[in-house]
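There are 2 protein chains.
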Amino acid sequence: MRYRQVGMMDNCEWCSLSEEDRRFLVCESAAWSVFLSDEQDYIGRCILVLKRHCSSLPELTDDEWSELRELVCKMEAALKAVFGAAVCNWSCLMNSFYKESAPDPHLHIHVRPRYDHPVTLGGNTYCDGEFGHHYALHKSAAIPDSDREEVFARLKERLSR
Amino acid sequence: MRYRQVGMMDNCEWCSLSEEDRRFLVCESAAWSVFLSDEQDYIGRCILVLKRHCSSLPELTDDEWSELRELVCKMEAALKAVFGAAVCNWSCLMNSFYKESAPDPHLHIHVRPRYDHPVTLGGNTYCDGEFGHHYALHKSAAIPDSDREEVFARLKERLSR
Numbered sequence: 024m025r026y027r028q029v030g031m032m033d034n035c036e037w038c039s040l041s042e043e044d045r046r047f048l049v050c051e052s053a054a055w056s057v058f059l060s061d062e063q064d065y066i067g068r069c070i071l072v073l074k075r076h077c078s079s080l081p082e083l084t085d086d087e088w089s090e091l092r093e094l095v096c097k098m099e100a101a102l103k104a105v106f107g108a109a110v111c112n113w114s115c116l117m118n119s120f121y122k123e124s125a126p127d128p129h130l131h132i133h134v135r136p137r138y139d140h141p142v143t144l145g146g147n148t149y150c151d152g153e154f155g156h157h158y159a160l161h162k163s164a165a166i167p168d169s170d171r172e173e174v175f176a177r178l179k180e181r182l183s184r
Numbered sequence: 024m025r026y027r028q029v030g031m032m033d034n035c036e037w038c039s040l041s042e043e044d045r046r047f048l049v050c051e052s053a054a055w056s057v058f059l060s061d062e063q064d065y066i067g068r069c070i071l072v073l074k075r076h077c078s079s080l081p082e083l084t085d086d087e088w089s090e091l092r093e094l095v096c097k098m099e100a101a102l103k104a105v106f107g108a109a110v111c112n113w114s115c116l117m118n119s120f121y122k123e124s125a126p127d128p129h130l131h132i133h134v135r136p137r138y139d140h141p142v143t144l145g146g147n148t149y150c151d152g153e154f155g156h157h158y159a160l161h162k163s164a165a166i167p168d169s170d171r172e173e174v175f176a177r178l179k180e181r182l183s184r
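Which chain is which? The protein sequence lines are U and F, in order.
To convert, count from 1 in the first sequence and add 23; that's this note's numbering.
To convert, count from 1 in the second sequence and add 23; that's this note's numbering.
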């Protein structure tokens, strides 16, 4: 059993992040890393990733649950202050792991800031056309690298205060 | 300010639930009520509603955060034991409140159990055709009253142990 667990964790992309993968780390705690998401369908969208391999919320330790609360507070405050998010959409899903025949999810939580106004970055304007409704599942999530860098820099600066 | 808050809470549907609304209460803690959702697009879908008017996760008290953890554990265990859910999708969104000109959300959290097998109730079979993917946003959510009663009874019985 131990051997199997080690083997599966070796295959977990969240357990073996490269320096490049960690490039967009906006903040961290002892137990969690927070990355700017590759998908910027909602400007400032981030992902909270547990540093150890663990498959579900009920398996979190006391400290991990407590740090999660601190990060929820910190991220909501930062996304509201930096980009003027009106509300944050939080979700813990893990569905994609269940495409595998032997699912072995790595706990992570998405936060999508939602906007009642356009967000402007480097001359580009990003609109939350679904504001007041569920986040879109198939919205364009690509933004120019320079805009991504600006989102990252502004968020990281705020979170490092 | 106090007057305004009281006024808005009076208009909050979650602050003024009728006995009929509370008919499908599956369990509760000091701070939270858990109801079987009207929407049964995923069999056993429930909604955790904070008993006091509060608009976001960062505003939860220590006790409310702690009880939320206990309910997450309890609900995941029950949905897995009773219906064989493979994973639970958790989300805290509150988007619909932001359709209003003066949004005043009441904190609630959705849990959608996800299934890698059909669930049979009263001769009807319910499939999670999107298993391994994000939950569907516009799936048929109506089930016969007798099936709803069975879901409620089975879940409540398990949660009362």
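Here a beta-carbon is modelled for each residue, glycine too, at the ideal position from N, C-alpha and C.
Computed from a prediction, not measured in an experiment: that's the story for all the values here.
Taking every protein chain shown into account, the CB of F/HIS140 has fewer than 16 other CB atoms within 10 angstroms, so this residue is exposed.
For the 9 Å CB-CB criterion, U/GLY155 and F/LYS122 form a contact.
If you draw a straight line from the Cα of U/ARG75 to the Cα of F/VAL95, it is about 20 Å long. Under the Cβ criterion of 9 Å, U/HIS129 is not counted among the residues facing chain F. A direct Cα-Cα distance of roughly 16 Å separates U/ASN34 from U/HIS131.
A direct Cα-Cα distance of roughly 8 Å separates U/SER56 from U/ILE70. The Cβ-Cβ distance between F/LEU144 and F/GLU180 does not fall below 9 Å.
With respect to chain F, the C-beta atom of U/GLU99 has a partner C-beta closer than 9 Å. Within 8 Å of the CB of U/ARG137, the CB atoms of chain F belong to ASN118 and TYR121, in sequence order along the chain. Excluding its 5 nearest sequence neighbours in each direction, U/ASP64 has C-beta neighbours in its own chain below 8 Å: ARG135, TYR158, ALA159, LYS162, SER163 and ALA164, listed in chain order. Note that the C-beta distance between U/ARG184 and U/PHE47 is not below 9 Å.
Linking F/SER78 to F/PRO128 through their CA atoms gives a straight-line distance of about 5 Å. Across the set F/LEU116, F/ALA109, F/GLU93 and F/ARG45, the C-alpha of F/LEU116 shows the shortest separation from the C-alpha of U/ASN112. Within the DSSP secondary-structure output, U/ASN147 pairs in a beta bridge with U/LEU144. F/LEU178 and F/ASN147 have their C-alpha atoms some 18 Å from each other. The residue from F/GLU90, F/LEU83, F/GLY67 and F/HIS133 with its alpha-carbon nearest to that of F/GLY107 is F/GLY67. Note on geometry: alpha-carbon atoms of F/ASP44 and F/GLU36 lie some 10 Å from one another.
For F/LEU160, the nearest beta carbon of chain U is closer than 9 Å to its own beta carbon. Where F/PHE58 is concerned, the enclosing beta strand (DSSP E) starts and stops at 55-59. In this structure, U/LEU59 keeps its C-beta atom at 9 Å or more from the C-beta atom of U/LEU73.
Rounded to the nearest whole angstrom, the C-alpha separation of F/GLU87 and U/ALA125 is 35 Å.
Counting only unbroken stretches of 3 or more residues, the beta strand (DSSP E) elements lying wholly within the segment 48-102 of chain U are 48-51, 55-59 and 69-73, in sequence order. Under the 9 Å criterion on CB atoms, U/PRO141 is classed as non-interfacial with respect to chain F. Secondary structure note for F/SER114: its beta strand (DSSP E) is the uninterrupted segment 110-115. For U/ARG184, the three-state secondary structure derived from DSSP is coil. One Cα belongs to F/LEU102, the other to U/GLU51, and the distance between them is close to 32 Å.
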